[in-house]
Every structure is written in C-alpha cells, then in structure tokens.
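So the sequence lines, in the order shown, correspond to chains A and B.
Residue numbering for the first sequence is 1 to 289, as defined by my numbering.
Residue numbering for the second sequence is 1001 to 1263, as defined by my numbering.
Glycine included, every Cβ here is placed at the ideal spot set by N, Cα and C.
In what follows, a structure is listed as structure tokens, so that the remarks can point back to it.
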Amino acid sequence: MPGLITPPAGLIPLGGRPRLRDYLRMAWNRREFAFNLAHGQFRAQHMDTVLGNVWQLINPVLLIAIYYLIFGVLLSGARGDLGGGDNYVGFLGIGVFIYSYQQRVISAGASAIVGNLGLIRSLQFPRAVLPTATVIKEVLGFASSLVVMVALMAVSGEGIHLDMLWFPVAFFLITAFAMGGALVTARMTEAVRDVRNVLPFVFRLGFYLSGVLYDPHRFIDGTRFETYDWALLFNPFYVYISLARESMMSTFEPRQLPWIWAAAVVWAVVALVFGLWYFLGAEKRYGRG
Amino acid sequence: MADTSTATTPAAGVDLFGVDPDEVNVVLDDVHVVYRVYEDRRPSLREALRGERRKPREIHAVRGVSFVARRGESIGIVGRNGSGKSTLLQALAGLLPVEQGEVWARAQPTLLGVGAAMQNKVSGRRNIVLGCLALGLPADEVDGRVEDIIEFAGLQEFIDLPMDAYSSGMRARLLFAIATAVVPDILVIDEALAVGDEAFRLKSKERLATVREEAGTVFLVSHALDTIAESCSRVIWLERGRIIADGEPDEIVGRYRDAQTAG
C-alpha cells in the first residue's frame, strides 16, 4: 500500500511531468548545448561532398531555375500572370526559399529524437532541447539562402528597400511556426518511424497548395469566397510565404491584408503551444522504445 | 529472515523506517513497475482490418519495493537476471513510469547505464563538451574541465577519435567521467563499472567515495559481488521484483552467494 511513508520536506516526486516553468528554465540553461549540437550537425551535414555547405546555396537556386524554366518561360503564355506581376522570378524565388525552409525545419524535427538516441540514453536533460537544436541548425543554413534571396530581389527589379526590415519579424514568426511543427514530428517519428516516409508526400502536396508557384488569388473569384478558398488563403504555409513576399517585394500586394500579420502571429502561437504540449506528453518515454 | 519485515513494511507509527528526515535523500514507497511488451510479430492484414488490437503482455518487473536511502549511503543491489534490478534503477532515475507507488528524491538522479554511446560519429573530446553542456554546465566552465575529464577517463591518446572507434570499456570510462564531472547528488550506476579495467575501478571507487562525502547517495547494480561488497555500505537483494533482504554488505552478499551456489 502506498502512502505508508510520508516523504520529508525538500524531496521532489520523480516520474511525473515537471512544472512547465521549471522545464523551460532547465531547457534555457542548456541553450549552449543546443547551439553546440546544432553547430556540429550543421558542419557535419555536407562533409562528405566536395562542395560542402555550398550545397545549401546551390539546391534552392537550381530548384528556382527549373521552376522558372517551366512556369516562367515554357508555360508563360498559357495562363497569363501566375503571380508577382512583372517579377515572376522574384515571386517564385521567395516562395521556394521560404517553403523549403519550413519543410527542412519540420522534416529535420522528425530526426531530432530518433537521431539522437545515444545522447538521450546517456544523459538526462530536457528533451525539447533536441528539436530546438535542429531548428537552430536550419536557421544557420538559412543564412546563405538569405544572401541569395536579397541578391535575387536586387537583380529582379525590386531593389533594396526599407520594407525589407520587416523580413526579420516575418522570419521569426515563420521559425516559431516551423518549430511547433518540428516538435510534433519529433514525437510522431519516435512513436511510428514510418512518419519519415510519409512527410515528403505531405510536403509535396503542400508545395502545390501553398502558392509557391502561383498566387491562389488568381484562381479565386474575389466577390464570393468558398470554404475551400478560405482554406487556401489561411493555410499557414501560404500565409508565411505571402508575409515574406510582402516584406521583400515592393511590388507585391497580397489582397487579404491586414489580416495576414494577425494570421501569421496566431499560427505561430498555436503551433508552438500545441507542439510543446504534444512533445512534452511523451518526455519520459523518449529513448526507451 | 529477520530483516524481511523491516524492509517491506514499516513498523506501525515509525515513519521513514526511523531515519532522521534531514538525512533522507531518496524514498521509494511501495513501487510497482509494469512493462507492457508487444509480441515480436506484425499483425496480419486481416487482424488490422478487423481492428483487432494486439494485446500487450504485461511483465510485472517490480512488485512493491519500499526503502529509504540516506545521505552518504552507497547501496548495492544484487539479484539474478530478471529480478528487476535494472528496472528498479530506471524507475529510481525517473526514466520509467511507476504503475503504483511513489518515488521521491532530493534531486534528479543521474543514471549511468552500460552501452550508452552519446554521439558515435563524433570525437571523444566533442562528446565531453556536449555532455557537460547537456548536464547544464555553463560554457565558460566546460573548457576548464575537459582536460580533467580526459585524464580521469585515461583517454589522452584516443580523445580525438570518433567514439565508435572506442572499446566498450573506453566508452564506459568516458561516460562515467562526464557524468560525475559535476558531483551528482544521487548517482545511479547500472553495470557501467563492470567493463572498466583494474586501474579504472580504483579511480571510480574514489569518485564514488567523493559523492558520498558530499552527502550524496550512490546506487550500484552489478554482478561483480566483490565490487559490491567493497564499495557499498548497504546491500539490497531483489528476487522476482521484491526485496528479500536489506542490510550489511558482507552478510547479504554472503547469503546471496550461498543461495546461488545452493540453487
């Protein structure tokens, strides 16, 4: 029968879920750990290739070149303006960069637990540090994308302008949302490894539905919105891509402004809170299965 | 067995088995741990379509263990394979949920298990840095400790090799050195010392003594009965998930040994 022993003051019960405040404080104390881990993973990821981390730059540039060739050149006459007005390549470029950044963060989250089982089994620390480290790794990787993105804006006629100062705010919200997603995929993959095989298809679908290649407004009748249209417009990926376009392109005017900033903040908060809650639900189980 | 009654049921009115509350580091109160294991076969398509859920097998590994551990104690746990020793340690470290009962501790215990490998592809040196940071040491302190840890683990020659090139003994030494770099309040060791050589055994014994001197508590599971007898101040004998004896190392180890040879 439990309850025979009354524990003296000063002892803490083990095995339960820690209070959120204590948990976050412990995680914050390990921020150096997260940075160190992220930096190591970042350096290691392209170590076996000749060009190394230059691939971080080449990958999206090649993608943009292919999409531009097909949709901007070969099919340009078929449907008229797909988006971005005169600057389709800028429109497309931001779409590809932002979408692939979100995809990378959320997919990398899937390996955060299952890829670090050695650490988990060796040492005790708040496990949420691991998905955080993968997010930091992708933020580091985005630095080179940012350079290309700004250069693309400069040569495609947008120039360098003051609105670009909004981009860091947009990027912060994008990252917060993606981190929520990474926390979710981290736990899901730990429970069912197959999730990793499904994710590429989910993101492929998202790619076509989130206005990377075309502006969904071109296909929506502005006078009456169907449920389906709302789903298209408030899809978080589309919201964040539009947010980035708005700050980077002086010619871009998303029509659902000003809600778009509100939508971006709401999506980020919801994703992060849900992700943390979901991830912490299995905190004690990680590393044992 | 005279000590059985004191080990499993506290005498009426006597709290904490008579231990001074300020001396207590860990309390286990009627702890039960149940594993649910699924059979190692995939459900057939027919079962899946009918929505038949696989029924897990329940393994009741720890069945009602209660004891109170003091500051400065080092407690050895002996028992045959499958007696619930490792499970008990994991519950003690807060890594396994308990089915029933409570585990209380003065601080989060540090668990050292055998076969843990940290980051396999990465050098021992980087693993030391990562490990110290993961344990919450501030970065400016870590640099100062790296050399001490390398020396303690005796890995000066191999420290820049990736960890998957290490032998199991080298790995265990490195992990022990990292986990005890900051003297933990409660240290839980599961067989991790068994793979070290003689020189390391002496060094680790000293470090365990430091933990105890600083008012910590050490738990040690090992099949090396001599190690238990010489480095523990108290021994608990587990059998089928229950405590069957709890007391002086020499006495309990002696009785355990007799039971093994007799059985």
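Would you kindly check if the distance between the Cβ of residue j and the Cβ of residue i is under 8 Å?
i: Gly211(A); j: Ile241(A); result: yes
i: Gly206(A); j: Phe171(A); result: no
i: Gln56(A); j: Gly141(A); result: yes
i: Ser1086(B); j: Val1221(B); result: yes
i: Leu199(A); j: Pro216(A); result: no
i: Ser145(A); j: Tyr101(A); result: yes
i: Leu1130(B); j: Leu37(A); result: yes
i: Val1183(B); j: Val1211(B); result: yes
i: Leu1112(B); j: Val1188(B); result: yes
i: Leu213(A); j: Tyr67(A); result: yes
i: Asp1022(B); j: Gly1101(B); result: no
i: Gln1108(B); j: Gln103(A); result: no
i: Arg1106(B); j: Leu63(A); result: no
Do you know how far the Cα of residue j is from the Cα of residue i?
i: Ala1007(B); j: Thr6(A); result: Any reading at Ala1007(B) must be qualified, since the residue scores a pLDDT of 41, below 50, and its modelled position is unreliable; no value is offered.
i: Ala191(A); j: Gly1136(B); result: 27 Å
i: Ala1069(B); j: Glu1213(B); result: 15 Å
i: Ala186(A); j: Pro1249(B); result: 45 Å
i: Val1065(B); j: Leu1016(B); result: 14 Å
i: Ala110(A); j: Gln45(A); result: 16 Å
i: Ala1061(B); j: Val1034(B); result: 6 Å
i: Ile58(A); j: Asp1190(B); result: 48 Å
i: Ala1262(B); j: Met1170(B); result: 36 Å
i: Ala182(A); j: Ile113(A); result: 11 Å
i: Val61(A); j: Arg43(A); result: 21 Å
i: Val105(A); j: Lys137(A); result: 9 Å
i: Ala133(A); j: Gln1260(B); result: 49 Å
i: Val1142(B); j: Leu69(A); result: 52 Å
i: Asp344(A); j: Asp1246(B); result: For residue 344(A) there is no data in the structure shown, the boundaries of chain A being 1 and 289.
i: Ala1002(B); j: Leu1225(B); result: At Ala1002(B) the pLDDT is 39, less than 50, meaning the model places this residue with poor confidence; the figure from the coordinates comes in the next sentence. One C-alpha to the other measures close to 22 Å.
i: Val1014(B); j: Leu1193(B); result: With a pLDDT of only 43 at Val1014(B), under 50, the local geometry of the prediction cannot be trusted, and the value read off the model is given with reservation. Looking at the two C-alpha atoms, the distance is approximately 36 Å.
i: Ile1228(B); j: Leu1202(B); result: 13 Å
If we cut at 8 Å on Cβ distances, does residue i have a partner in chain A?
i: Gln1108(B); result: yes
i: Ser1231(B); result: no
i: Asp1246(B); result: no
i: Met1170(B); result: no
i: Leu1220(B); result: no
i: Gly1254(B); result: no
i: Pro1120(B); result: Note that residue 1120(B) is Asn in the sequence shown, not Pro. Judged by the 8 Å Cβ criterion, Asn1120(B) is in contact with chain A.
i: Leu1016(B); result: yes
i: Gly1131(B); result: yes
If we cut at 8 Å on Cβ distances, does residue i have a partner in chain B?
i: Ser122(A); result: yes
i: Ile5(A); result: yes
i: Phe125(A); result: yes
i: Pro200(A); result: no
i: Arg187(A); result: no
i: Asn36(A); result: yes
i: Leu119(A); result: yes
i: Pro131(A); result: no
i: Phe33(A); result: yes
i: Arg43(A); result: no
i: Asn197(A); result: no
By the 10 Å Cβ neighbour count, where 16 or more other Cβ atoms means buried, how is residue i classified, buried or exposed?
i: Ala1172(B); result: buried
i: Phe279(A); result: buried
i: Leu968(B); result: Since the first residue shown for chain B is 1001 and the last is 1263, residue 968(B) is missing from the structure and cannot be characterised.
i: Phe97(A); result: buried
i: Val1103(B); result: buried
i: Leu20(A); result: exposed
i: Ile1075(B); result: buried
i: Tyr208(A); result: exposed
i: Ser1231(B); result: buried
i: Trp1237(B); result: buried
i: Ala1012(B); result: Because the pLDDT at Ala1012(B) is just 38, under 50, the model does not fix this residue reliably, and the value given afterwards should be weighed accordingly. Result: exposed.
Step through the CB atoms of chain E and report whether any lies within less than 8 Å of the CB of residue i.
i: Ile12(A); result: The chain labelled as chain E is not found among the protein chains of the depicted structure, namely A and B.
Using CA atoms only, rank isn't needed, just tell me which of the options is closest to residue i.
i: Thr189(A); options: Asn36(A), Ser107(A), Leu37(A); result: Ser107(A)
i: Ile1178(B); options: Gly1124(B), Val1031(B), Arg1071(B), Asp1020(B); result: Gly1124(B)
i: Ala268(A); options: Gln124(A), Ala244(A), Ala176(A); result: Ala176(A)
i: Asp1185(B); options: Thr1217(B), Asp1160(B), Leu1174(B); result: Thr1217(B)
i: Thr1110(B); options: Ala1134(B), Glu1099(B), Asn1120(B), Pro1097(B); result: Ala1134(B)
i: Thr251(A); options: Leu130(A), Pro18(A), Trp28(A), Glu158(A); result: Glu158(A)
i: Glu1099(B); options: Leu1238(B), Leu1088(B), Gln1108(B); result: Leu1088(B)
i: Val89(A); options: Val195(A), Leu152(A), Ala9(A); result: Leu152(A)
i: Ala244(A); options: Leu173(A), Asn197(A), Gly287(A), Asp194(A); result: Leu173(A)
i: Val265(A); options: Pro131(A), Gly72(A), Phe71(A), Gly180(A); result: Gly180(A)
i: Phe1152(B); options: Ser1204(B), Gln1119(B), Glu1251(B); result: Ser1204(B)
i: Ile260(A); options: Leu75(A), Ala282(A), Leu14(A), Phe234(A); result: Phe234(A)
i: Ala282(A); options: Phe203(A), Pro126(A), Asp48(A); result: Pro126(A)
i: Asp1197(B); options: Ala1209(B), Ser1167(B), Thr1180(B), Gly1072(B); result: Ser1167(B)
Comparing the CB of residue i with every heavy atom of the ligand SAH, is any distance shorter than 7 Å?
i: Val1235(B); result: In the structure on display, the ligand SAH does not appear, and there are no ligands present to speak of.
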